[in-house]
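> Before I ask anything, let me first share the structure, which is written out below as structure tokens.
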Amino acid sequence: MHSAKSGSADSLSEVTVGPEDTPASAQGGLSETRVAVIVGAFAGAIRALWVILAARAPVGLSDPSLYLAAAASIAGGKGYTSFLGRPTAYYPPGYPLFLAGIQKGAELLGQQSRLVWFVVLAQAVLGGIAAAALVIAGCRIRQSIQLGVLAGMIFALWPNLIIHSGLVLSESLYLCCFCIFLAALFTWMLKLQSQQHGHSGAVLVLVLATAACTLVRPQSVAVMLPAAALAWFISGLGWRFALRGSGLLLAGMLIAILPWTLRNTVVMNAFVPISTNTGDNLCMGFHSGATGGFSFSPECATEGDYIDGPKVEVERDADLRTRAMSWIAAHPGEIPELSYKKLRITLRQDADAVFAWESYGADAHLSQGQRSLLNRICNVYYWLVGLLGLAGSVVVLRDCWADRNSHERSVQAGIGLVALSFSIFGALLPVLFFGDERFKIPILPCVALLAALAIHSFFRRNPDGSATGTQPDVASETAEQEARQ
């Protein structure tokens, strides 16, 4: 591993790993990078096996079919259009652009008819990359390879996410971008705090990953900035630290938003920062009779639809936003109960991929017993990891409390607090729109990190509950003293 003074450490994995891992490296053990590759390969293999055996082409008019239609338009040189061929900005462009790239590749190979299989195999690879990146992110929380492996394996074995890799939905792409974002962010935090040189690589990856996340799921990225800023402030890392970090995240967001806003200004003849589905999302969550979940209501009906062309699409979006805001202003007393319903719908279970696998009922190929078994497997895994994540949250808060009087605030405590803050802000995001099981998927990597932290902390405790002191810590201190001399 590189020393704290190394200036050549530009990649995400090239950062001082810490005392716990120093002897393993010295004794020829697996390095952080190799472990990340192994876990990533395992996650990718599981997903590849799933998509080979179980992937199905989407049926009916739903998000997967609409994504594929938009991708076909982009790949055909017609630009981003609806399935009627009219210019649109309804969905964020990240996933359709990703699909269009795969379609062009399939066309070059003469395999257009197998586009869906190319997509899901690519998403299996993305799942492997995400797991590998999460290993690196986990190694930063405690500077422990063991913790990183735990986080990566929890993610690799997550049933709902494995099934998602075989669906034409944006979750697999977003999770890959977000896990890379976490690895880059935590690496940058460690290098900045330790004043290591050569952290430009982490900065570049962080900014680009933020931009990619913004193009795929902008609403999730919108809450990451305040979540990170709050965590940095509470952890006591200093306002300069918080300003630098917030500036990097904002730069990444602007790299994605500004070019697409310019495109929308030209094509849609209106100011549309990312997409025009905000009105639908708001109205669905805020109207008389709202259930807190996805539903079609006369309260949100309009004369035209987003597929009717740019003018109608933009006007419709503005109209629905106005209706939702008016309802909120007129019914403030209903917001708490409605918010609870949204959170309950979003967080109570984690088997949305099973329903999507059957094309939301249009391709019901499972028996009732098979469907129930898959739902149970997905939900039990989610509940167990969720409970461990709650325990990990307690560990993070305990560490921050123990670190409160320290002259040099621990960046590791700050990293844990960032993961917790992302989880909380992301879990609350559906309150602003409507509840859906899919809407919590962006925070699942952070839940995996917190769960891994809980397991790691439990097995590294003395019988009296205190932290285990290790020989590597002594070795690290000795090396540091020698460096000073």
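Counted the way the UniProt record's numbering counts, the sequence shown spans residues 1 to 485. Built from N, CA and C at the ideal position, the CB exists for glycine as well.
#1: Excluding sequence positions up to five away, which residues of its chain have a Cβ less than 7 Å from the Cβ of L276?
#2: From this set, G152, D350, G293 and Y95, which residue's C-alpha is nearest E337's C-alpha?
#3: So Q412 and R217 are in contact, right, with Cβ under 8 Å, and what is the actual spacing, rounded?
#4: DSSP state of T210, grouped into three classes?
#5: Return the chain-ordered list of same chain residues with a C-beta closer than 6 Å to the C-beta of F286, the five sequence neighbours on each side being excluded.
#6: Under 8 Å Cβ to Cβ from G105, same chain only, skipping five residues before and after it: list those, please.
#7: My output table needs one value for H2: the three-state DSSP class, helix, strand or coil.
#8: Would a C-beta distance cut-off of 8 Å place V431 and L343 closer than the cut-off?
#9: Threshold first: 4 residues or longer. Then list the alpha helix (DSSP H) segments lying entirely within the stretch 153 to 220, N to C.
#10: Tell me whether A402 is buried or exposed, calling it buried when 16 or more other Cβ atoms sit within 10 Å of its Cβ.
#11: So, at 7 Å on beta carbons, what are the nonlocal neighbours of R371 in its own chain, with the 5 sequence-adjacent residues on each side left out?
#12: For the alpha helix (DSSP H) that contains residue 489, what are its first and last residues?
#13: Assess, as a yes-or-no matter, whether the stretch 56 to 72 is touched by the stretch 174 to 193 under the definition of 3 or more beta carbon pairs within less than 8 Å.
#14: Less than 8 Å between the C-beta atoms of I455 and L150, yes or no?
#15: Tell me whether S220 is buried or exposed, calling it buried when 16 or more other Cβ atoms sit within 10 Å of its Cβ.
#16: Relative to the alpha-carbon of T278, which residue among L320, N264 and E303 has its alpha-carbon at the smallest distance?
#17: Could you tell me which whole alpha helix (DSSP H) segments of length 4 or greater appear in the stretch 317 to 397?
#18: When the Cα atoms are used, what is the spatial distance from Q112 to P93?
#19: Taking C139 as part of the alpha helix (DSSP H), name the residues at either end of that continuous run.
#20: Pick out whichever of I52, I345 and F422 has its Cα sitting closest to the Cα of L230.
#21: Per DSSP, P87 forms a beta bridge with which residues?
#22: What separation, rounded to the nearest whole angstrom, lies between the Cα atoms of D436 and L173?
#23: For G292, name the three-state secondary structure that DSSP assigns.
#24: Mind checking who G435 pairs with in its DSSP beta bridge?
#25: Please return the same chain residues whose Cβ sits closer than 7 Å to the Cβ of S297, not counting the five positions on each side in sequence.
#26: Rounded to the nearest angstrom, what separates I255 and G77 at their Cα positions?
#27: From the DSSP output, in three-state form, read off D399 for me.
#28: What do you reckon, are the CB atoms on P445 and C177 nearer than 8 Å?
#29: Would you kindly check if the distance between the Cβ of V39 and the Cβ of A100 is under 8 Å?
#30: How would you call E107, buried or exposed, if buried means at least 16 neighbouring beta carbons within 10 angstroms?
#31: Does the Cβ of F271 have 16 or more other Cβ atoms within 10 Å, making it buried, or fewer, making it exposed?
#32: Quick check on DSSP: helix, strand or coil for S410?
#33: When you compare only the Cα positions, how much space is there between P259 and A362?
#34: CB L417 to CB V396, shorter than 8 Å?
#35: Can you give me the Cβ contacts of W232 inside the same chain, cut-off strictly under 7 Å, excluding the 5 residues immediately before and after it?
#36: Give a yes or no on whether the C-beta atoms belonging to A43 and F155 are separated by under 8 Å.
Reading it off the structure:
#1: In the sequence shown, counting from the first residue as 1, residue 276 sits at position 276. This sequence places Thr at residue 276; Leu is not what is there. So the qualifying residues of the chain are A89, Y90, Y306, E313, V314 and D317.
#2: Residue numbering aside, residue 337 sits at position 337 when the sequence shown is read from its first letter. Of the candidates G152, D350, G293 and Y95, the residue whose Cα lies closest to the Cα of E337 is G293.
#3: For the purposes of this step, residue 412 is identified with residue 412 of the sequence shown, where counting begins at 1. For the purposes of this step, residue 217 is identified with residue 217 of the sequence shown, where counting begins at 1. In fact, because the Cβ distance is near 28 Å, the residues do not count as touching under 8 Å.
#4: On the sequence shown, residue 210 is found 210 positions in, with the first residue counted as 1. Helix, per DSSP.
#5: Taking the sequence shown and counting its residues from 1, the one referred to as residue 286 is at position 286. Closer than 6 Å at Cβ, skipping near neighbours: A324, W327 and I328.
#6: For this step, residue 105 is matched to residue 105 along the sequence shown. Cβ within range, chain order: F118.
#7: The residue you call residue 2 lines up with position 2 of the sequence shown. Reliability of the predicted coordinates at H2 is poor, the pLDDT of 40 falling under 50, and no value is obtained from them.
#8: On the sequence shown, residue 431 is found 431 positions in, with the first residue counted as 1. On the sequence shown, residue 343 is found 343 positions in, with the first residue counted as 1. Yes, these two residues count as a Cβ contact at 8 Å.
#9: Fully enclosed alpha helix (DSSP H) runs of 4 or longer: 159 to 164, 171 to 194 and 200 to 216.
#10: Looking up residue 402 in the sequence shown gives position 402. Taking a 10 Å sphere around the C-beta of A402, we find fewer than 16 other C-beta atoms and assign the residue as exposed.
#11: On the sequence shown, position 371 is the one that residue 371 refers to. The beta carbon of R371 sits closer than 7 Å to those of V354, all from its chain and outside the five residues before and after it, given in chain order.
#12: Outside the shown range of the chain (1 to 485) lies residue 489, about which nothing can therefore be said.
#13: Short answer: they don't touch.
#14: For the purposes of this step, residue 455 is taken as residue 455 along the sequence shown, with counting starting at 1. For the purposes of this step, residue 150 is taken as residue 150 along the sequence shown, with counting starting at 1. Cβ atoms of I455 and L150: closer than 8 Å.
#15: Position 220 of the sequence shown holds residue 220. Buried, because 16 or more other Cβ atoms sit within 10 Å of the Cβ of S220.
#16: For the purposes of this step, residue 278 is identified with residue 278 of the sequence shown, where counting begins at 1. Selected option, being the one with the closest Cα: L320.
#17: Within the stretch 317 to 397, the complete alpha helix (DSSP H) runs of at least 4 residues are 335 to 347 and 352 to 357.
#18: In the sequence shown, residue 112 corresponds to position 112, counting from 1. In the sequence shown, residue 93 corresponds to position 93, counting from 1. It is roughly 21 Å from the alpha-carbon of Q112 to the alpha-carbon of P93.
#19: As a position in the sequence shown, residue 139 is number 139, starting the count at 1. Its alpha helix (DSSP H) spans residues L115 to I141.
#20: Taking the first residue of the sequence shown as 1, we reach residue 230 at position 230. When each option's Cα is compared against that of L230, the closest is F422.
#21: Within the sequence shown, the letter at position 87 stands for residue 87. T81, per the DSSP bridge assignment.
#22: By one-based count along the sequence shown, residue 436 stands at place 436. By one-based count along the sequence shown, residue 173 stands at place 173. In this structure, the alpha-carbon of D436 lies about 19 Å from that of L173.
#23: Here the question's residue 292 lines up with position 292 in the sequence shown. When DSSP states are grouped into helix, strand and coil, G292 belongs to the coil group.
#24: Locating residue 435 in the sequence shown gives position 435, counting from the first residue. According to DSSP, which records beta bridges pairwise, G435 is partnered with G293.
#25: The residue labelled residue 297 in the question sits at position 297 within the sequence shown. Around S297: H287 and G289.
#26: Counted from its first residue, the sequence shown places residue 255 at position 255. Counted from its first residue, the sequence shown places residue 77 at position 77. The alpha-carbon separation between I255 and G77 amounts to approximately 23 Å.
#27: Taking the sequence shown and counting its residues from 1, one reaches residue 399 at position 399. D399 carries a helical assignment under DSSP once its states are collapsed to helix, strand and coil.
#28: Taking the sequence shown and counting its residues from 1, one reaches residue 445 at position 445. Taking the sequence shown and counting its residues from 1, one reaches residue 177 at position 177. One thing to note: P445 has its Cβ no nearer than 8 Å to the Cβ of C177.
#29: To locate residue 100, count along the sequence shown from 1; it is residue 100. To locate residue 39, count along the sequence shown from 1; it is residue 39. It is not a contact, given that the beta carbons lie outside the stated cut-off.
#30: As a working mapping, residue 107 is identified with position 107 in the sequence shown. Around the beta-carbon of E107, fewer than 16 other beta-carbon atoms lie within 10 Å, marking it exposed.
#31: Position 271 of the sequence shown, counted from the first residue, corresponds to residue 271. When all chains shown are included, F271 counts as exposed.
#32: Taking the first residue of the sequence shown as 1, we reach residue 410 at position 410. DSSP places S410 in coil when its eight states are reduced to three.
#33: Counted from its first residue, the sequence shown places residue 259 at position 259. Counted from its first residue, the sequence shown places residue 362 at position 362. In this structure, the alpha-carbon of P259 lies about 37 Å from that of A362.
#34: The residue given as residue 417 occupies position 417 in the sequence shown. The residue given as residue 396 occupies position 396 in the sequence shown. Less than 8 Å divides the Cβ of L417 from the Cβ of V396.
#35: The sequence position of residue 232 within the sequence shown is 232, counting from 1. Excluding positions up to five away in sequence, the list reads F241, A242, G245 and G414.
#36: Counting from one through the sequence shown, the residue named residue 43 turns up at place 43. Counting from one through the sequence shown, the residue named residue 155 turns up at place 155. Taking C-beta atoms as the reference points, A43 and F155 count as a pair closer than 8 Å.
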